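Read in order, the letters of the sequence shown correspond to residues 266 to 565 in our numbering.
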Amino acid sequence: MSILNNLIVKTLPFVPKAIIKSVANKYIAGDSLQDAIRVSKELSKLGASSTIDVLGEFVTSRERSLHEWQTSYSVLDAIHHNNLDAYLSVKLTSLGLDIDQEFGFANVRSLVEKASELGVFVRMDMENSPYTSITLDFYRRLRSEGFNNVGIVIQAYMRRSEEDIRSILSLEPSVRLCKGIYIESPDIAFKHPDEIRNNYKKLLRLLLENGANVRIATHDDRLIDDAIQFVNQNTFDKKQYEFQMLLGVREDRRNEIIQSGFGMRIYVLFGSDWYGYSTRRLKENPQVAGYVLKAMFVRG
Ligand SMILES: Cc1cc2nc3c(=O)[nH]c(=O)nc-3n(C[C@H](O)[C@H](O)[C@H](O)COP(=O)(O)OP(=O)(O)OC[C@H]3O[C@@H](n4cnc5c(N)ncnc54)[C@H](O)[C@@H]3O)c2cc1C
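Structure (structure tokens):
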């Protein structure tokens with residue numbers, strides 16, 4: 266982490282909320298579901314589909330997690346009624362995983378069930394390492410109950426990921442492959458950017474060659490180029506893979522990928538917890554802290 270980014274992260278509590286908001290605005294659709302619907306429709310016009318996520322994680326009260334559940338439920342209805350080219354992404358800790366695992370499972374299960382009735386897909390985001398095994402367990406349970414409209418995320422920085430993939434390959438899984446955003450110990454995670462990239466490339470091949478559906482979630486040119494080259498050299502069905510990016514990030518590259526004829530899905534976040542979410546992300550990924558500095562000096 267650069268000294269400057271480190272400094273910004275340490276002084277975050279003193280950064281005016283308006284500055285954090287101006288950074289967050291680019292990455293978050295808005296406070297309400299209507300904002301997410303609007304952004305999803307705009308993305309559709311650009312040739313991209315979306316995955317809608319309600320801001321919120323690490324919820325510690327049942328009341329709050331039921332509120333999150335209700336909001337995600339409304340997202341499913343909105344996707345269906347507006348005929349959006351979108352699905353739902355959820356974080357298990359927002360649905361009460363930390364309060365009681367079975368309560369968390371019942372909440373995600375009912376969302377997946379409702380989504381299944383509406384013909385909508387649900388992806389469970391992958392959070393930090395205390396939740397990796399339980400998220401995979403929930404995925405297996407849901408699939409064993411016959412739900413095919415649910416997917417998982419694998420983080421290339423985790424040393425265990427190859428083994429995790431092998432353990433679910435027989436399910437013909439839908440996997441979003443990303444680098445991983447949380448700070449993890451070197452005992453369990455690759456730390457060097459090249460190690461993470463090499464593992465990403467290896468896992469991408471493992472997934473595609475074994476028939477999994479892969480969602481290539483990265484803004485890293487080297488990984489995007491590698492993935493394009495790999496799929497072009499092979500004859501995978503185009504439905505087997507798509508690219509995914511975060512809202513507001515690398516829009517130039519996003520448009521280029523769409524124009525090349527590849528599927529592209531954008532992660533669309535909405536909700537009122539933009540302050541908590543943004544400061545957590547800034548602390549986790551200090552590279553992004555540079556954007557705070559930029560926002561302090563560059564207006565408009
Ligand atoms: C659709 C999607 C879903 C994700 N889901 C999860 C998940 O479930 N669990 C999880 O741990 N992680 C998730 N991530 C985050 C992911 O793990 C990475 O932390 C993040 O995508 C940055 O890694 P990168 O591959 O883009 O490479 P990087 O090397 O970090 O980024 C490459 C370049 O992209 C730009 N960039 C990247 N991120 C940002 C940003 N936030 N703001 C501005 N510019 C940026 C920068 O120019 C950077 O140099 C997801 C990412 C995406 C795109």
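No residue lacks a Cβ here, since even glycine has one placed at the ideal position from N, Cα and C. Here the structure is a predicted model, which is why all the values come from computation and not from measurement.
CB contact flag (residue i, residue j, <8 Å)
i, j, result
"Ile302", "Ala343", "yes"
"Ser315", "Ser330", "no"
"Thr325", "Ile364", "yes"
"Gly416", "Phe386", "yes"
"Phe495", "Leu469", "yes"
"Ile522", "Phe508", "yes"
"Arg519", "Arg487", "no"
"Tyr219", "Lys379", "Any property of residue 219 remains undetermined from this structure, which presents the chain solely from 266 to 565."
"Tyr465", "Leu442", "yes"
"Glu392", "Leu360", "no"
"Thr483", "Lys456", "no"
"Ala289", "Val533", "no"
"Leu349", "Ile531", "no"
"Leu298", "His345", "no"
"Ala477", "Leu547", "no"
Near ligand 1: residue i beta-carbon under 7 Å from a heavy atom
i, result
"Gln420", "yes"
"Gly526", "no"
"Thr483", "yes"
"Gly321", "no"
"Met510", "yes"
"Leu488", "yes"
"Arg404", "For the sequence presented, residue 404 should be read as Tyr rather than Arg. No, the Cβ of Tyr404 stays beyond 7 Å of every heavy atom of ligand 1."
"Asp390", "yes"
"Val304", "no"
"Ile344", "no"
"Arg441", "yes"
"Gly445", "yes"
"Val355", "no"
"Arg567", "A query on residue 567 cannot be resolved here, the shown segment of the chain reaching from 266 to 565 and no further."
Residues of its chain near residue i, where Cβ-Cβ distance is below 8 Å and the 5 sequence neighbours each way are ignored
i, result
"Asp429", "Thr397, Leu401, Ile419 and Met423"
"Asp296", "Phe535, Gly536, Ser537 and Trp539"
"Ser525", "Ile493"
"Val355", "Asp318, Val319, Ser337, Val373, Leu376, Val387, Arg388, Met389 and Asp390"
Neighbourhood of residue i by C-beta, 6 Å cutoff - its chain only, sequence neighbours within 5 removed
i, result
"Val340", "Ile317 and Leu353"
"Tyr292", "Leu512 and Gly513"
"Arg564", "With a pLDDT of 42 at Arg564, under the threshold of 50, the predicted position of this residue should be treated as unreliable, and no value is reported."
"Asn271", "none"
"Pro278", "none"
Interface flag, residue i vs chain B, CB-CB below 8 Å
i, result
"Val514", "Within the model displayed, chain B is absent; a lone protein chain is all it includes."
8 Å contact criterion, which residue i and residue j should meet: CB distance rounded
i, j, result
"Leu362", "Gly369", "4 Å"
"Leu472", "Val440", "6 Å"
"Ser381", "Asn414", "5 Å"
"Val479", "Tyr447", "Rounded, the Cβ-Cβ distance is 21 Å, inconsistent with contact."
Own chain residues within Cβ distance below 7 Å of residue i, not counting five before or after
i, result
"Asp452", "none"
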